[in-house]
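Below: the structure, in structure tokens.
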Amino acid sequence: MYKVRTYNQIAVAGLDRFPRQSYEVGSDIAHPDAFLLRSQKLQGIEVPASLLAVARAGAGVNNVPVAEYGKQGIVVFNTPGANANAVKELVMAGMLLSARGIVASMNFVQSLSDLKDPAAMSPRVEKEKSRFAGNEIRGKTLGIVGLGAIGSMVAEMALAMGMKVVGFDPVLSIDAAWRLSNEVSRMENLQALLARSDYVSLHVPSIDATRHMINADTLAAIKPGAVLLNFARDAIVDATAVLDSLAAGRLGKYVCDFPEPALLGHEKIIAMPHIGASTEESEENCAVMAAEQLVGYLENGNIVNSVNFPTLSMERSPGTSRITFSNDNVSGVLGHVLSVLAENTVNVVDMMNKSRGELAFNIVDVDKVPCAEVIDAIQAVERVIRVRVI
């Protein structure tokens, strides 16, 4: 039996991906093979010796000590793209809210509760509605910072709404480039994008390189009156710089999913309580993807959407046993392991090896079940981190 310990409330659609005859799943599981979580912070939580993998039902993994787990051979998964549609739709809502004065106009209507006569309300509404006149987004330019799963979907949506789209992503992957419409103009740098865009939407991860990428210096380049939308992570934007830019009349409005005290009560700020991925569909998609990735790894050693180990997937060879092992990404480790197998007359039928940064992962199908002594010998190879027989 595989054992999966859950944190937070995981959608039933995800939990149903674990076959009941071969998995124990629950929040109080002892000696778990895997963790499945949403927002639970794992920093400071004791790491069971049995733990092989962690799956975060969501894109961000700043609540998981990824590097520390990698050194222990624990594979960390996330679910990129599973919540992309939910975030994409909220970005559109944010643009419309900022363009049309919708929030202020709704608050105005609610303030008329003292009027009981419909005949009196109609002329009052007609008289005041000009205060809430806004602009259409058709024909405007949207700048997208980060052209991954969410950014590319936002681009497609904006193009369908008749907007012009420019994008900036210094680390655009080949897969992301294939997804991206050829109608999106790529900018050489962030400042060029900010200077050209009427709306700017951020879709980059929160890492050291992106911390406060929107700051006093970058906001100095923004097109006067532009709207900044942040449905990515709070740390990407320097809130003080945003307030200063709004006060100076440079930035037009700020729409974000990350409220903080300094942003409240400002007429040019629309703040939401981190609801970007909070849809029933998104939570189910994330849970299903996370669960399926855990099943694939626990049962076959295959790795898809890991944030600390390489993507590695191999079909099982019929009539074989599978050995997987992680190691420090240095030369000679794989050769030493193959020597151990050869010395013990264990024949390799098929194998695959890949590395990512300082770590490497290996899948080796062999012609018979290796004995404990063989596995111990592999574990004893210098720089091998963890060995499994599946």
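47 is the number of the first residue of the sequence shown in the numbering used here; add one for each residue after it.
Here a beta-carbon is modelled for each residue, glycine too, at the ideal position from N, C-alpha and C.
Values in this document were obtained by computation on a predicted structure and should not be read as measured data.
With a Cβ-Cβ cutoff of 9 Å, do residue i and residue j count as a contact?
i      : j      : result
PHE407 : SER372 : yes
LYS117 : ILE315 : no
LEU97  : PHE81  : yes
SER352 : VAL200 : no
VAL100 : GLY189 : no
ALA278 : LEU248 : yes
PRO251 : GLY192 : yes
ASP374 : GLU419 : no
LEU358 : ILE369 : no
GLU366 : VAL341 : Residue identity differs from the one stated: residue 366 is Thr in this sequence, not Glu. For THR366 and VAL341, no; Cβs fall outside 9 Å.
VAL110 : ARG102 : yes
ILE421 : VAL435 : yes
SER231 : VAL211 : yes
PHE64  : VAL71  : yes
MET203 : VAL273 : no
GLY194 : GLY208 : no
ILE282 : HIS312 : no
VAL386 : VAL415 : no
GLU234 : LEU205 : no
ALA287 : ILE260 : yes
PRO356 : ARG402 : yes
Could you name the residues of the same chain whose beta carbon sits closer than 7 Å to that of residue i, not counting the 5 residues immediately before and after it, in chain order?
i      : result
SER151 : PHE178
ASP290 : ALA262
TYR69  : MET47, TYR48, VAL50
ARG296 : LEU265, ILE268, PRO270
ASN399 : LEU380, ALA406, ASN408
ILE196 : ALA130, VAL133, LYS134, HIS249
ASN124 : ARG102, GLY104, ALA105, VAL107, ASN351, VAL353
ARG225 : SER198
GLY119 : SER372, ILE431, ARG432
LEU158 : MET167, ARG170
Could you pull the DSSP bridge partners for residue i from this structure?
i      : result
MET398 : ILE409
ILE268 : For ILE268, which the question treats as bridged, DSSP gives no partner whatsoever.
SER198 : Answer is none; SER198 lacks a bridge partner.
ASP374 : LEU405
LEU161 : Paired residues: none, contrary to the question.
ILE316 : VAL301
SER367 : VAL412
ARG434 : THR370
LEU248 : VAL191, ASN276
ARG102 : LEU83
PHE123 : ALA101, SER352
LEU358 : ILE349
GLU48  : Residue 48 is actually Tyr in this sequence, not Glu. TYR48 pairs with TYR69.
Under the three-state reduction of DSSP, which class applies to residue i: helix, strand or coil?
i      : result
GLU70  : strand
VAL110 : coil
ARG429 : coil
VAL334 : helix
PHE178 : helix
PHE304 : coil
THR256 : helix
VAL217 : coil
ARG84  : coil
ILE349 : strand
ASN235 : coil
TYR53  : coil
LEU240 : helix
LYS186 : coil
VAL283 : strand
PHE154 : helix
VAL420 : helix
VAL93  : coil
VAL211 : strand
ALA222 : helix
ILE75  : coil
LEU310 : coil
GLN339 : helix
ARG146 : helix
ASN261 : coil
ALA128 : coil
Report all residues from its chain with a CB closer than 6 Å to the CB of residue i; omit the five preceding and five following residues, and keep chain order.
i      : result
ALA317 : CYS302, PRO305, LEU309
MET141 : ILE183, TYR245
ASN181 : ALA145
THR52  : SER73, LEU82
By Cβ distance below 8 Å, which residues in the same chain neighbour residue i in space, the five residues on each side in sequence not counted?
i     : result
GLN55 : ARG84
ASP79 : TYR48, LYS49, VAL50, SER96, LEU97, LEU98, ALA99, LEU344
At a cut-off of 8 Å, would you count residue i as near the ligand NAP, judging by its Cβ distance to the nearest heavy atom?
i      : result
ILE268 : The ligand content of the structure shown is nil, which means the ligand NAP is not present either.
Taking only beta-carbon atoms, is residue i less than 9 Å away from chain B?
i      : result
ALA336 : Protein chain content of the structure displayed is limited to a single chain, and chain B is not contained in it.
Please confirm if the segment 315 to 327 is in contact with the segment 121 to 132, defined as three or more CB-CB distances below 8 Å between the two stretches. yes
Touch check for the segment 336 to 355 and the segment 386 to 399: three-plus C-beta pairs under 8 Å? No, they do not touch.
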